[in-house]
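Numbering (our numbering), first residue to last: 463 to 940. Cβ coordinates follow ideal geometry from the N, Cα and C atoms, glycine included. One structure is given here, and the rest of the page talks about it.
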């Protein structure tokens with residue numbers, strides 16, 4: 463998740479800005495109905511101040527780009543934001559990443575101003591690598607070839623500059639521009655320089671594969687536990703719980719169980735966490751007692767490790783224990799409810815519903831614990847959960863969670879097809895649009911028109927278009 467000075471407050475869900483920040487389809491529709499100046503201002507606020515909780519899970523760029531096209535909104539404000547003198551002082555990706563992605567999608571719709579702005583920012587901007595990646599999948603060879611000398615000018619011809627160039631080539635997300643520049647026959651000096659960088663980058667990757675990074679534990683239970691403790695004592699602290707548990711799985715035998723039980727009961731924090739996880743993953747009969755005790759420990763790291771250990775348990779015994787713990791109001795209770803949501807049976811529906819209601823009441827509609835509970839409400843078809851699912855759908859600022867909520871509503875709410883499914887056709891998330899394409903009622907004339915537009919949209923994802931075309935074909939044959 464983003465953790466930077468670039469923080470944005472989320473407006474109420476009933477406002478145009480709040481809807482657009484959430485990426486809801488209703489926001490798109492309200493923007494088209496609102497005064498254009500108001501809609502453009504709200505759109506620019508979203509693009510320049512990324513409202514997402516987690517940019518790796520949530521998508522907004524295509525949603526905002528499409529709205530730029532519909533509103534015929536100018537790019538002057540985006541250009542001023544990207545080329546602002548603050549760009550050099552605040553080079554973090556979250557300040558400019560969303561704006562650059564929006565420009566990338568706009569180029570797919572033939573916006574030449576967006577293409578020019580991306581090219582300019584790639585030359586002068588602090589987050590130039592992101593801009594170059596956008597160009598790599600959309601610009602033609604001629605446009606990319608012209609950028610070569612200006613991009614390479616970022617790297618002085620010194621040992622440090624050559625090392626930085628090698629790292630940039632090696633770590634590039636989209637390597638196409640570098641290969642175009644390395645094959646440019648009109649610039650032999652540039653060609654030789656990039657050939658060396660490409661060769662050194664390949665060699666660096668090969669060396670990394672041959673030499674695993676970091677220290678390695680000895681080949682005994684005691685050595686592994688000591689290795690976990692050494693990492694905990696380092697500055698900064700290295701939490702080796704997962705790696706140590708994997709090593710214990712390879713070296714521990716039946717004769718080592720007493721040592722592991724003692725470590726899980728009263729060892730140092732990292733030692734205790736590794737032993738707990740190892741015993742839990744193997745379904746040791748003492749694991750539940752040890753986990754319950756550790757979950758109540760004053761050390762929050764130990765308590766968290768206990769919950770993680772329980773979450774990794776499998777089998778009927780774990781489900782039986784989860785039914786006993788699901789009523790707890792602590793993290794272990796939340797973990798137990800999540801386990802029932804993901805692996806429980808229909809008789810566990812009341813426990814999942816109770817946990818869902820409790821989580822929304824105590825932690826709100828953006829709580830991280832909601833995702834498995836929402837999924838469980840759909841998996842178990844918990845129809846009494848519909849009111850709270852509708853609330854989460856409306857209020858959450860996470861489009862990722864909203865998408866899962868839409869899928870749960872699709873199997874629990876009889877009004878979904880004529881209600882939320884319609885607005886989901888304009889949602890920012892690909893998976894949510896796909897659900898809408900499968901469920902939205904075609905009695906609403908907006909639905910058929912939107913399906914046809916999605917079917918021919920060059921920027922739409924393949925999964926959505928497959929669902930859309932299947933729906934249109936079925937409607938035609940019907």
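Nearest-angstrom Cβ-Cβ length linking residue i and residue j, presumed shorter than 8 Å
{"i": "residue 477", "j": "residue 510", "result": "Going by Cβ atoms, the distance from residue 477 to residue 510 rounds to 18 Å, so no, they are not a contact pair."}
{"i": "residue 434", "j": "residue 710", "result": "No statement about residue 434 is possible, as the shown extent of the chain runs from 463 to 940 and does not include it."}
{"i": "residue 835", "j": "residue 814", "result": "6 Å"}
{"i": "residue 810", "j": "residue 785", "result": "7 Å"}
{"i": "residue 660", "j": "residue 631", "result": "6 Å"}
{"i": "residue 485", "j": "residue 885", "result": "11 Å between Cβ atoms; not a contact."}
{"i": "residue 837", "j": "residue 475", "result": "Actually they are not in contact, since the Cβ atoms of residue 837 and residue 475 sit about 22 Å apart, beyond 8 Å."}
{"i": "residue 681", "j": "residue 693", "result": "Incorrect: roughly 17 Å between the Cβ atoms, too far for contact."}
{"i": "residue 764", "j": "residue 734", "result": "6 Å"}
{"i": "residue 777", "j": "residue 745", "result": "6 Å"}
{"i": "residue 529", "j": "residue 498", "result": "With a Cβ gap of about 11 Å, residue 529 and residue 498 do not count as contacting."}
Cβ-based neighbour list, residue i, same chain, cut-off 8 Å, excluding 5 preceding and 5 following
{"i": "residue 822", "result": "829, 832, 850, 853 and 854"}
{"i": "residue 544", "result": "558, 561, 562, 579, 583 and 587"}
{"i": "residue 876", "result": "none"}
{"i": "residue 491", "result": "885 and 888"}
{"i": "residue 550", "result": "588"}
{"i": "residue 613", "result": "584, 585, 590, 594, 639 and 643"}
{"i": "residue 596", "result": "562, 563, 565, 566, 569 and 580"}
{"i": "residue 623", "result": "617"}
Straight-line gap, residue i to residue j (C-alpha atoms, nearest Å)
{"i": "residue 489", "j": "residue 523", "result": "14 Å"}
{"i": "residue 796", "j": "residue 933", "result": "39 Å"}
{"i": "residue 625", "j": "residue 518", "result": "29 Å"}
{"i": "residue 762", "j": "residue 731", "result": "10 Å"}
{"i": "residue 560", "j": "residue 775", "result": "39 Å"}
{"i": "residue 719", "j": "residue 867", "result": "43 Å"}
{"i": "residue 793", "j": "residue 910", "result": "45 Å"}
{"i": "residue 646", "j": "residue 607", "result": "7 Å"}
{"i": "residue 479", "j": "residue 651", "result": "51 Å"}
{"i": "residue 495", "j": "residue 643", "result": "47 Å"}
{"i": "residue 935", "j": "residue 908", "result": "17 Å"}
{"i": "residue 672", "j": "residue 782", "result": "At residue 672, the pLDDT of 46 sits below 50, so the modelled position is not reliable and the matter cannot be decided from this model."}
{"i": "residue 537", "j": "residue 481", "result": "22 Å"}
{"i": "residue 505", "j": "residue 929", "result": "28 Å"}
{"i": "residue 845", "j": "residue 895", "result": "23 Å"}
{"i": "residue 825", "j": "residue 881", "result": "27 Å"}
{"i": "residue 799", "j": "residue 818", "result": "9 Å"}
{"i": "residue 717", "j": "residue 757", "result": "27 Å"}
{"i": "residue 812", "j": "residue 869", "result": "19 Å"}
{"i": "residue 697", "j": "residue 704", "result": "19 Å"}
{"i": "residue 721", "j": "residue 683", "result": "8 Å"}
Boundaries (first-last residue) of the alpha helix (DSSP H) holding residue i
{"i": "residue 780", "result": "778-787"}
{"i": "residue 941", "result": "This structure leaves residue 941 out entirely; the chain is present only between 463 and 940."}
{"i": "residue 797", "result": "793-805"}
{"i": "residue 838", "result": "832-841"}
{"i": "residue 882", "result": "882-886"}
{"i": "residue 852", "result": "848-857"}
{"i": "residue 642", "result": "638-644"}
{"i": "residue 537", "result": "From DSSP, residue 537 is part of no alpha helix (DSSP H); its letter is neither H nor E."}
{"i": "residue 844", "result": "Segment: none, residue 844 is in no alpha helix (DSSP H) and carries neither H nor E."}
{"i": "residue 709", "result": "703-713"}
{"i": "residue 890", "result": "Looking at the DSSP string, residue 890 is not in any alpha helix (DSSP H), and its letter there is neither H nor E."}
{"i": "residue 511", "result": "First-last for residue 511: undefined, no H or E at that position."}
{"i": "residue 619", "result": "Element bounds for residue 619: n/a, residue is neither H nor E."}
Beta-carbon proximity check, residue i vs residue j, cutoff 8 Å
{"i": "residue 502", "j": "residue 526", "result": "no"}
{"i": "residue 924", "j": "residue 902", "result": "no"}
{"i": "residue 839", "j": "residue 570", "result": "no"}
{"i": "residue 598", "j": "residue 636", "result": "yes"}
{"i": "residue 859", "j": "residue 891", "result": "no"}
{"i": "residue 887", "j": "residue 899", "result": "yes"}
{"i": "residue 779", "j": "residue 801", "result": "no"}
{"i": "residue 842", "j": "residue 806", "result": "yes"}
{"i": "residue 649", "j": "residue 618", "result": "no"}
{"i": "residue 941", "j": "residue 865", "result": "Given a span of 463 to 940 for the chain in the structure shown, any question on residue 941 remains unanswerable."}
Neighbourhood of residue i by C-beta distance below 6 Å, restricted to the same chain and skipping five residues each side
{"i": "residue 749", "result": "741 and 742"}
{"i": "residue 706", "result": "686, 690 and 736"}
{"i": "residue 541", "result": "579"}
{"i": "residue 641", "result": "none"}
{"i": "residue 754", "result": "none"}
{"i": "residue 576", "result": "565, 568 and 569"}
{"i": "residue 773", "result": "797"}
Neighbourhood of residue i by C-beta, 7 Å cutoff - its chain only, sequence neighbours within 5 removed
{"i": "residue 553", "result": "588 and 589"}
{"i": "residue 593", "result": "562, 580, 583, 584 and 587"}
{"i": "residue 472", "result": "480, 483, 513 and 859"}
{"i": "residue 603", "result": "642"}
{"i": "residue 927", "result": "916 and 917"}
{"i": "residue 699", "result": "none"}
{"i": "residue 771", "result": "738, 739, 742 and 753"}
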